[in-house]
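Everything on this sheet refers to the single structure shown next.
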């Protein structure tokens, strides 16, 4: 975090107490430009971002340890709060100074990703877990009933899986992660957040089971959700009686068949059933509803009505 590094430099120069900081793995977090002689220096621990770091100063400045520890820990907390407030202001559409944007999002032209995290356990504990996965260049903030992560990531889906698995394994609770495509301007943060939040609503409305979701891949569900209410009610009334008769086996078959893009072989494998068994079920659906969902046009009407039935039931 550039603000914090600049502040460290300011403390070192203005106090005339040079210091270096490394983490427990030996990675340099800040270097004042001096190499301290071990015989003339002293190390002491400081807790920054819930992690233990080691600060090295000259022995002649030993009396400054407690004050320096307080300043470092306190300032990090304050900068963290400023970053959270900045993210909150952006999401809420408030005006933000350009210098703050450039200092906090220096790689905006390379593209940032927003993760939306929802957990059934402690959000505060989840934030601590996430903070241990990433360095200070990644925003991690509580917002509403969710956790927001903003940063630059390669292999985005792998990061989503890692975040979910880390939270689930430590907190033993359900965790949902959604994300979208990279954004390259600050106004898109709000759009990314709103889209991620909407995706959670859609998952619940349509009974989808995904725990990790690229919310740019549910355009069809978004279209159905935003259909005219009169059309929804008409389709619901037309199909409700037949859909209400479906047992869990048939519902699972329908869900999996559409997940597999109407591919019979792949669906049978996913359901661990024989191909002929699947064909029998599809024939049964056709007999009861009049729609052969192996046919693309009929499948489109059917899945639209099926999603509406899920939403309105």
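Residue numbers (full-length UniProt numbering): 1 to 313.
Even glycine gets a Cβ: it sits at the ideal position worked out from N, Cα and C.
Option in the options with minimal Cα separation from residue i
i           : options           : result
residue 174 : 118, 215, 277, 17 : 118
residue 53  : 245, 214, 105, 30 : 30
residue 11  : 298, 70, 170, 90  : 70
residue 313 : 276, 236, 290     : 236
residue 57  : 48, 280, 68       : 68
residue 203 : 26, 221, 17       : 221
residue 87  : 74, 104, 72       : 104
residue 249 : 176, 159, 284, 93 : 284
residue 145 : 65, 190, 187, 124 : 124
residue 180 : 91, 113, 45       : 113
residue 44  : 33, 35, 34, 61    : 61
residue 106 : 142, 95, 151, 205 : 151
residue 194 : 91, 281, 310      : 91
residue 46  : 186, 135, 24      : 24
residue 176 : 252, 282, 35, 210 : 210
residue 59  : 42, 65, 48, 192   : 42
residue 186 : 234, 136, 64, 89  : 89
residue 282 : 257, 270, 154     : 257
residue 206 : 182, 251, 66      : 251
residue 65  : 96, 17, 35, 39    : 17
Buried or exposed by the 16-neighbour rule on C-beta atoms within 10 Å, applied to residue i
i           : result
residue 268 : buried
residue 305 : buried
residue 5   : exposed
residue 102 : exposed
residue 296 : exposed
residue 28  : exposed
residue 201 : exposed
residue 287 : exposed
residue 94  : exposed
residue 289 : buried
residue 163 : buried
Cut-off 7 Å between Cβ atoms - residues of its own chain near residue i, not counting five sequence neighbours on either side
i           : result
residue 166 : 129, 133
residue 127 : 140, 142, 147
6 Å Cβ shell around residue i - same chain, five flanking residues per side excluded
i           : result
residue 232 : 308
residue 271 : 256
8 Å CB neighbourhood of residue i in its chain, flanking five on each side removed
i           : result
residue 22  : 28, 29, 53, 54, 56
residue 274 : 268
residue 109 : 184
residue 171 : 119, 121, 122, 125, 126, 129
Heavy atom of the ligand MG within 8 Å of residue i beta-carbon
i           : result
residue 313 : In the structure shown, the ligand MG is absent, as is every other ligand, since no ligand is present at all.
Residue i and residue j closer than 9 Å at C-beta
i           : j           : result
residue 147 : residue 140 : yes
residue 159 : residue 225 : no
residue 169 : residue 213 : no
residue 293 : residue 262 : yes
Test: residue i CB closer than 9 Å to a CB of chain D
i           : result
residue 285 : In summary, chain D is missing from the structure at hand, where a single protein chain is found.
Fully enclosed by the region 113-199, which beta strand (DSSP E) runs are 3 residues long or longer? 113-119, 139-143, 146-151, 175-179
Pick out the complete alpha helix (DSSP H) segments inside the region 213-291, 4 residues or longer, and give them in chain order. 219-225, 229-244, 248-259, 264-271, 275-289
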